[in-house]
Amino acid sequence: MSVQTSDRTDRDKTEAAPVDFAARLLGWYDRSARVLPWRVPPGSGAVPDPYRVWLAEVMLQQTTVAAVTGYFERFTTRWPTVADLAAAADADVMAAWAGLGYYARARNLLACARAVVAEHGGRFPDCEADLRALPGIGDYTAASVAAIAFGRRAVVIDANIERVIARHRLIEIPLPAAKRAIRTALEPLVPAERPGDFAQALMDLGAGICTPRGPACAICPLMADCRARGRADIERLPVKPAKKAKPQRYGLARWIEQGGRVWLVRRPEKGMLGGMRALPGGEWSAIPPAESGVAEVDHGFTHFDLRLTLVRDEAPLAAAEGEWWPLSALDEAGLPTLYRKLVDQMREKDG
DNA sequence: CATCCGTGGGC
DNA sequence: TGCCCAAGGAT
């Protein structure tokens with residue numbers, strides 16, 4: 001569908017002053033900011049803790065607020081400072097991250113905490129470039145920590161902000177090519193004062209008003225000059241590339257139980273569920289296993305679907321590396337969701 | 001620039 | 001039910 005963009009109303013809409021844009025957005029944020037465990041309420045005068053800001057930003061990468069909240073509370077209770085986290089055992093951090101997904105984040109989280117302690121005296125660097133050099137901190141996280149924790153004027157762009165700006169400026173270039181135009185449009189709008197609140201306000205707006213489906217344009221503080229407002233095809237923006245089909249894969253997992261304990265292994269650092277505890281089993285492939293099992297789960301990953309068949313076995317291979325884990329404490333093993341599903345099925349079976 | 005990397009909730 | 005999507009980063 002083609003889009004007309006040349007009428008005078010649209011032209012007027014595009015020329016709102018940056019100051020006015022930020023003022024309307026921040027005014028709305030002062031009234032409507034979400035209350036979140038890692039956030040300092042606007043106008044409170046409180047100073048954000050860079051450690052908590054960073055931890056929340058990493059947890060929130062591609063992950064919903066609802067999923068993160070409990071993990072954030074547990075992490076900050078157990079490891080109140082970056083030095084505490086840096087001193088933690090790898091296995092403890094990985095287990096605490098279990099279920100949150102994208103486990104490279106947990107490995108990088110520890111590497112980053114240790115780098116902050118070893119190379120920065122236990123204090124997070126306060127500028128975007130130095131933050132960007134740390135493990136697990138990319139363009140988004142460097143900008144958001146610089147803005148939110150240190151009040152730096154940084155251009156923060158996440159998926160929410162991409163959507164808000166793509167609509168407000170009617171940017172119809174498909175992602176990811178649209179990123180440059182979005183940055184160019186946003187940069188002059190970022191205020192020198194309250195850049196952190198500005199970024200969080202855009203994210204709140206994207207999460208609650210300018211939503212992917214059914215945006216609430218009627219109550220949007222930016223509607224006066226939004227070029228997509230009222231358009232029937234506003235949900236089309238930002239334009240995203242077509243998704244690829246997900247292949248089906250199959251795998252086997254082994255339930256090896258002795259004396260009230262079960263045999264667990266640790267997955268290789270790289271690849272799927274890297275570094276996480278798991279039930280032993282072979283590689284996953286496109287071919288279904290020949291054996292029939294005592295349980296079976298289907299699990300959808302980002303780029304393939306997996307059917308895992310669970311078989312009972314008597315003992316681990318002689319040379320196998322792993323650990324006997326008490327069944328009574330299996331909840332504390334930190335198994336990823338895939339394996340937790342199998343454990344749940346075994347519990348239903350065996351009682 | 002494309003691909004890999006989890007999970008749970010909403011509709 | 002199946003699909004879409006989320007405060008992305010590393011390679």
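Going by the numbering used here, the first sequence opens with residue 1, and the numbers climb by one from there.
Just so you know, even glycine gets a beta-carbon here, dropped at the ideal spot from N, CA and C.
Sheet register partners of residue i (DSSP bridge)
i	result
residue 352	Absent from the structure is residue 352, since the part of the chain shown begins at 1 and ends at 351.
residue 285	250
residue 300	305
residue 323	264
residue 310	253, 295
residue 278	265
residue 258	261
Where the alpha helix (DSSP H) containing residue i begins and where it ends
i	result
residue 158	No alpha helix (DSSP H) contains residue 158, which DSSP labels as neither H nor E.
residue 172	Careful: residue 172 lies outside any alpha helix (DSSP H) and carries neither H nor E.
residue 54	50-59
residue 272	Premise fails: residue 272 is in no alpha helix (DSSP H) and is neither H nor E.
residue 29	18-32
residue 225	That residue, residue 225, is in no alpha helix (DSSP H); it is neither H nor E in DSSP.
residue 196	195-208
residue 131	128-132
residue 90	90-97
residue 356	Missing from the structure shown is residue 356; the chain here goes from 1 to 351 and no further.
residue 357	A question about residue 357 goes unanswered here, because the residues of the chain that appear run from 1 up to 351.
residue 78	65-78
residue 62	It is not in any alpha helix (DSSP H) - residue 62 carries neither H nor E in the DSSP assignment.
residue 114	104-120
residue 150	139-150
residue 81	Note, residue 81: premise wrong, no alpha helix (DSSP H); not H, not E.
residue 189	Run containing residue 189: none; DSSP gives neither H nor E here.
residue 235	First-last for residue 235: undefined, no H or E at that position.
residue 347	337-350
Backbone CA spacing between residue i and residue j [nearest angstrom]
i	j	result
residue 180	residue 68	29 Å
residue 122	residue 299	40 Å
residue 265	residue 347	20 Å
residue 272	residue 43	43 Å
residue 127	residue 256	51 Å
residue 308	residue 240	32 Å
residue 228	residue 221	14 Å
residue 317	residue 258	14 Å
residue 66	residue 74	14 Å
residue 176	residue 105	22 Å
residue 332	residue 107	19 Å
residue 320	residue 270	19 Å
residue 9	residue 207	Reliability fails at residue 9, whose pLDDT of 44 lies under 50, so the model's placement of it is uncertain and no value is given.
residue 12	residue 226	In this prediction, residue 12 has a pLDDT of 47, which is less than 50 and means its spatial position is unreliable; what the coordinates show is noted afterwards. One C-alpha to the other measures close to 10 Å.
residue 209	residue 234	13 Å
residue 23	residue 168	16 Å
residue 5	residue 231	Confidence in residue 5 is poor, its pLDDT being 39 and thus under 50, which makes the residue's placement unreliable; the coordinate value appears in the next sentence. Their backbone Cα atoms lie some 12 Å apart in a straight line.
residue 190	residue 18	8 Å
residue 237	residue 295	43 Å
residue 193	residue 33	17 Å
residue 14	residue 219	In this predicted model, residue 14 has a pLDDT of only 49, less than 50, meaning its place in the structure is not dependable; the value taken from the coordinates is given anyway. Cα to Cα, residue 14 sits roughly 19 Å from residue 219.
residue 418	residue 322	This structure cannot settle anything about residue 418, because the visible part of the chain is limited to 1 through 351.
residue 141	residue 303	24 Å
residue 52	residue 120	17 Å
residue 7	residue 40	Low confidence applies here, because residue 7 scores a pLDDT of 40, under 50, leaving its location unreliable; read the following figure in that light. Each residue's Cα considered, the two are about 42 Å apart.
residue 248	residue 286	6 Å
residue 72	residue 38	8 Å
residue 344	residue 330	10 Å
residue 185	residue 254	54 Å
residue 36	residue 64	12 Å
residue 90	residue 334	12 Å
residue 350	residue 134	46 Å
residue 214	residue 223	15 Å
residue 178	residue 187	14 Å
Distance between beta carbons of residue j and residue i, contact taken as under 8 Å
i	j	result
residue 98	residue 336	6 Å
residue 124	residue 93	About 18 Å; that fails the 8 Å criterion.
residue 182	residue 171	6 Å
residue 164	residue 113	Going by Cβ atoms, the distance from residue 164 to residue 113 rounds to 32 Å, so no, they are not a contact pair.
residue 76	residue 109	About 13 Å; that fails the 8 Å criterion.
residue 324	residue 261	4 Å
residue 338	residue 291	Residue 338 to residue 291, Cβ: 19 Å. No contact.
residue 58	residue 138	At roughly 10 Å, the Cβ-Cβ gap does not stay under 8 Å, so residue 58 and residue 138 are not in contact.
residue 293	residue 306	Not really, about 14 Å apart at Cβ, beyond 8 Å.
residue 244	residue 297	Contact doesn't hold; Cβ gap of about 24 Å is too wide.
residue 280	residue 263	6 Å
Residue i, enclosing beta strand (DSSP E) - first and last residue
i	result
residue 266	261-266
Quiz prompt | contact_flag[the region 151-159, the region 188-204] where n(CB pairs < 8 Å) is 3 or more | solution = Verdict: yes, contact present.
Quiz item: Are the region 274-285 and the region 199-218 touching, with three or more C-beta to C-beta distances below 8 Å?
Solution: Because the criterion of three Cβ pairs below 8 Å is not met, the region 274-285 and the region 199-218 do not touch.
Quiz item: For the region 44-51 against the region 133-152, are there 3 or more C-beta pairs whose distance is under 8 Å?
Solution: Touching, yes.
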